[in-house]
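*Asks:*
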Amino acid sequence: DSGVTQTPKHLITATGQRVTLRCSPRSGDLSVYWYQQSLDQGLQFLIQYYNGEERAKGNILERFSAQQFPDLHSELNLSSLELGDSALYFCASRARVTTGELFFGEGSRLTVL
Amino acid sequence: DQQVKQNSPSLSVQEGRISILNCDYTNSMFDYFLWYKKYPAEGPTFLISISSIKDKNEDGRFTVFLNKSAKHLSLHIVPSQPGDSAVYFCAARDYNTDKLIFGTGTRLQVFP
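First to last, the protein sequences are chains A and B.
Per this note's numbering, the first sequence runs over residues 1 to 113.
Per this note's numbering, the second sequence runs over residues 1001 to 1112.
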């Protein structure tokens, strides 16, 4: 158990819909990262937050947005969903003093039909 | 632009032998390199890391080697065990952007 909690674990929805994925980082961690893993692909960095502020952005589509709340949990919003958005979405958090190590949640599997 | 590359999608090794997983990178601003292990239906878990100022780091059966001139790192697992069968991701941290960039992974299968 990494201490990072993601909900929901599985989500099935239709094209054009909007979903929200939720992440609670480990206790005390200020940084939250979101990654997307499509079928047989690596982990694609989407976005990073640190203590409520956006810190770095990766290949995140304009249809996607995220935020980190004062209690440090984060939400990833995916809208106008397309079939190609079907993937595993991972959240990770990082300790304050670190060598870069991230602690990952178990992921949210999104299926768009 | 794939800054971290794992060119072998899969590797099969006999139990007890050495497993060598390779990773190449292009960005000179990476200051830490990490290996993660991932089982199906689970999130990646941290395995071992190495600073860019070192060339070797060892933790039990796992050793990571870094060759900065070749922009290459490798993970050695000795001896390999069936429980090591998983997908292994190489990752690198960009010092400037604080991003952790992952490779596409290598699926290791250790057979008896």
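Built from N, CA and C at the ideal position, the CB exists for glycine as well.
Residues in the stretch 22-38 of chain A with C-beta within 8 Å of chain B's C-beta atoms, listed in sequence order?
*Replies:* Y33, Y35
*Asks:* Does any residue of chain A bring its CB to less than 9 Å from the CB of S1028 (chain B)?
*Replies:* no
*Asks:* Mapping DSSP to helix, strand and coil, what is L30 (chain A)?
*Replies:* Look at L30 (chain A) here: in three-state DSSP terms it is coil, with no helix or strand label.
*Asks:* For N1057 (chain B), is the beta carbon positioned less than 8 Å from some heavy atom of the ligand MN?
*Replies:* Only the bare structure without any ligand can be found here, which leaves the ligand MN out of the picture.
*Asks:* Can you pull the chain B neighbours of S93 (chain A), defined as C-beta to C-beta under 9 Å?
*Replies:* Residues of chain B passing the Cβ test: none, with the nearest at roughly 11 Å.
*Asks:* Just to confirm the assignment: which complete beta strand (DSSP E) runs, minimum length 3, are found wholly within the stretch 1074-1108 of chain B?
*Replies:* 1086-1094, 1100-1102
*Asks:* Taking all protein chains shown into account, decide if P25 (chain A) is buried (16 or more other Cβ within 10 angstroms of its Cβ) or exposed.
*Replies:* buried
*Asks:* DSSP three-state call for D85 (chain A): helix, strand or coil?
*Replies:* In the three-state DSSP reduction, D85 (chain A) falls in the helix class (H, G or I).
*Asks:* Please list, in chain order, the chain B residues whose beta carbon lies closer than 9 Å to that of L102 (chain A).
*Replies:* L1034, Y1036, P1044, F1046, A1091, L1100
*Asks:* Could you check whether F1033 (chain B) and L1073 (chain B) sit closer than 9 Å to each other, using their CB atoms as the reference points?
*Replies:* yes
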